[in-house]
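Before any comments, here is the structure.
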Amino acid sequence: MWRASAAATVFGWILVVVIGVSTYVTMWASARLVAALGGDHSDVHGWLVATVAAMLVQPVAVNVLAWVGEAHQAAVTRGQHARLAAVANAPHGIAHLEDAEASGRLAGALGDVRGQFGLTCIGEAWRSIYLRTTGIAALLILGRWSWLAAAVLLLLQWVSGRAFTAYLTQLQRDLLDNASHQGRRAHYLQRLLLEKSVGKEVRLFALTDHLLRWHETIWRAAQLGIENRRNKALRPALATSVVMVVGTGAAVGRLVFDAWQGTVSTAVLVAALQAVGAMSAFGPLGDTSSQATRARLFAEAVHDLESQVASPPVAIAGPPTDSGRAAEICVDDVSFAYPGRETPVFQHLSLHIPAGQSVAVVGVNGVGKSTLIKLLAGLYPSSSGTLRVDGRDPFADDAARRRVAVIFQDFVRYHLSLRENVLLGVPDASDDDAYAALRAAAASDVHDRVGSLDTPLDPGYDGGTDLSGGQWQRVALARAFAAVAAGAGVLVLDEPTAALDVRVEAEIFERFLESTRGMTTILVSHRLSSVRHADRIVVLGPNGVEEDSSHDELLSAGGEYAAMFRLQASRFAASGSTDEPDGDQSGEHDEVMSQ
Ligand SMILES: Nc1ncnc2c1ncn2[C@@H]1O[C@H](COP(=O)(O)OP(=O)(O)OP(=O)(O)O)[C@@H](O)[C@H]1O
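First residue of the sequence shown: 1, per UniProt numbering; consecutive thereafter.
Take a look at the structure:
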């Protein structure tokens, strides 16, 4: 709370003290007023003024504290958003985002910041603090009658409050626990029933009933464990509250008895009766305790995430690189296995790409083409060997990473304007840069269709629209071209053109190779006809680089590449399409390479 806003914390504590003091004065002055009216007539006016003043000050301070709580809440929520964003983005790679437990916890924490926690928890935490302060006022008043009774009541309320908090903690922990296997699965199934992106398939394959039943089964199984834990924590909470009620009754009985015996004055009797009730501020506080517990658990969860996810090595911001110049890539004896996996994707892989060369990487499904690109982009560290972009490690050096512009097959469709989709990584670029990038990606017609660079590419927004798969791919390509114009030294297209028809893909790749001449480019595609104009073709196989030469040389060599290329070409010819003018090119899709 202090970190989010020191001013709100200090002001809040001042108000808490004011509330505590005004509570004490209200109880004591009103009791003295009753006693004065009842017979001793001592300074009726003075006690009346004190009572009224305290009764006015207290609600004003409570309301101002509620207002401070809201401002404080906003500051805390902002801070928590920033901390969560830092947790998600601090590590240089993306392994933590693929770790099911860490990403589940991150998603849960984010949901919490956006939900109830982000709205009321801090206000309720302040409420619980000032209620405890009113409890201290009540304790001091009770002490005027009997310190023993005050201490016993404090103990009973405190034990009951602790038992209730333990119960709430269990409850809230279960609510916060998005990381359990069953919890994640239940959430996932729930999302399938609600999300737009899967709505089509859910209807098409009539999955609704099946998903509902499946979700219910998993949810019930998860609930069973939760209910058992809750019941276990609820029993001591109930038992201690019974003891607390009996103890409070006994204290009231004793107080009345003392008054009956004449050992307690009217003022003390009236004040102490009020104080007995106010001692409940040390006990269970219902929703206030619940929210305050949630705030505490949330802070703990974020702290745990911070220590769990902050994995070394932290990236260094190296000295600026020669922006705009083609980069050289050296992969030397690199082996790599995904975190938590024993089987390596590749072992002892070596590949040298001189600056300015265009290279196509081809190979069957799962051989590791995309994984190699992820390593080049610095998203994972290699398990062994060295991988360098212009002599620097892209996993450890931010400047080296910025030299690599990649459009992956699962590129992001930003629900932002067309301009932002193209220029997201280059904020200083102008509209002309956006048009140039769109032209280079053969996407000028996308601009013509949506009408403006400002059009949101999401029909959910006013004036927004959606694009076809192929149009999205060309917009993503335009983003890559914009990155090149802004100084990236290696441009990688990892099959972002798979949804395009073969003619458009060939056109884009040709244009791409032409407009990036002199740059280092890497193309990954299953359509061999599309990549054959690259300077060099590298065929990846289970044992690393299996073939590595130009298209013509590989064809003459009559190896694996030649066989795959001829098979694609023959399928293409059999399909009767006239898309490929020289009849030497590949077919509709990636028949061979995908098998
Ligand atoms: N995040 C991941 N965690 C664990 N294994 C992964 C992950 N991503 C990919 N793999 C595995 O690594 C291997 C290489 O995958 P990769 O995506 O690099 O292949 P690819 O050659 O690009 O395939 P495709 O042609 O189908 O795109 C595959 O066996 C895949 O199952």
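Note that beta-carbon positions come from the ideal geometry of N, C-alpha and C, so glycine has one too.
Source: prediction; values computed, not measured.
Distance cut-off 8 Å: residue i Cβ against heavy atoms of ligand 1
i	result
residue 531	no
residue 526	yes
residue 365	yes
residue 341	yes
residue 196	no
residue 495	yes
residue 368	yes
residue 345	yes
residue 473	no
residue 409	yes
residue 338	yes
residue 372	yes
residue 423	no
residue 376	no
Opposing strand residues paired with residue i [DSSP bridges]
i	result
residue 544	541
residue 520	490
residue 387	331
residue 410	DSSP, once it has assigned bridges, lists no residue as partnering residue 410.
residue 456	417
residue 645	Here the chain comprises residues numbered 1 to 595, so residue 645 is not present and cannot be evaluated.
residue 405	491
residue 566	Looking at the DSSP assignment, residue 566 forms no beta bridge with any residue, so it has no partner.
residue 549	537
residue 358	521
residue 392	389
residue 336	346
Whole-Å CB distance - residue i paired with residue j, under 8 Å assumed
i	j	result
residue 238	residue 211	In fact, because the Cβ distance is near 38 Å, the residues do not count as touching under 8 Å.
residue 494	residue 370	6 Å
residue 492	residue 545	About 17 Å; that fails the 8 Å criterion.
residue 307	residue 344	That pair is no contact at about 29 Å.
residue 564	residue 356	In fact, because the Cβ distance is near 27 Å, the residues do not count as touching under 8 Å.
residue 174	residue 226	5 Å
residue 404	residue 376	6 Å
residue 59	residue 163	Going by Cβ atoms, the distance from residue 59 to residue 163 rounds to 31 Å, so no, they are not a contact pair.
residue 139	residue 154	6 Å
residue 130	residue 16	5 Å
Exposure label - residue i; buried when at least 16 CB within 10 Å
i	result
residue 124	buried
residue 261	exposed
residue 201	exposed
residue 282	buried
residue 459	exposed
residue 509	buried
residue 303	exposed
residue 374	buried
residue 625	The displayed coordinates of the chain run from 1 to 595. Any statement about residue 625 would go beyond what the structure contains.
residue 216	exposed
residue 147	exposed
residue 205	exposed
residue 312	Since pLDDT at residue 312 reaches only 48, below the 50 mark, its modelled position is unreliable, and the value read off the structure follows with that caveat. Label assigned to residue 312: exposed.
residue 220	exposed
residue 167	buried
residue 49	exposed
residue 263	exposed
residue 397	buried
residue 284	buried
residue 300	exposed
Residue i: CB within 8 Å of a non-hydrogen atom of ligand 2
i	result
residue 540	As far as ligands go, the structure on display features ligand 1 and does not contain ligand 2.
Chain D within 9 Å of residue i, Cβ atoms only
i	result
residue 292	In the displayed structure, chain D is absent; only one protein chain is listed.
(message) Can you confirm whether the region 25 to 35 touches the region 50 to 57 when touching is taken to mean that 3 or more C-beta pairs between the two stretches lie within less than 8 Å?
(response) yes
(message) Check whether the region 327 to 339 and the region 347 to 361 are in contact - that is, three or more C-beta pairs closer than 8 Å.
(response) yes
(message) When you compare the region 426 to 437 with the region 358 to 365, are there three or more beta-carbon pairs, one atom per stretch, that lie closer than 8 Å?
(response) no
(message) Check whether the region 479 to 499 and the region 280 to 294 are in contact - that is, three or more C-beta pairs closer than 8 Å.
(response) no
(message) Three Cβ pairs or more, each shorter than 8 Å: is that satisfied between the region 272 to 287 and the region 37 to 47?
(response) no
(request) Determine contact between the region 3 to 16 and the region 71 to 80, defined as no fewer than three beta-carbon pairs at a distance below 8 Å. (result) yes
(request) Check whether the region 447 to 459 touches the region 415 to 428, taking contact to mean three or more Cβ pairs, one atom from each stretch, closer than 8 Å. (result) yes
(message) With a threshold of 8 Å, are at least 3 pairs of Cβ atoms found where one atom belongs to the region 551 to 566 and the other to the region 391 to 400?
(response) no
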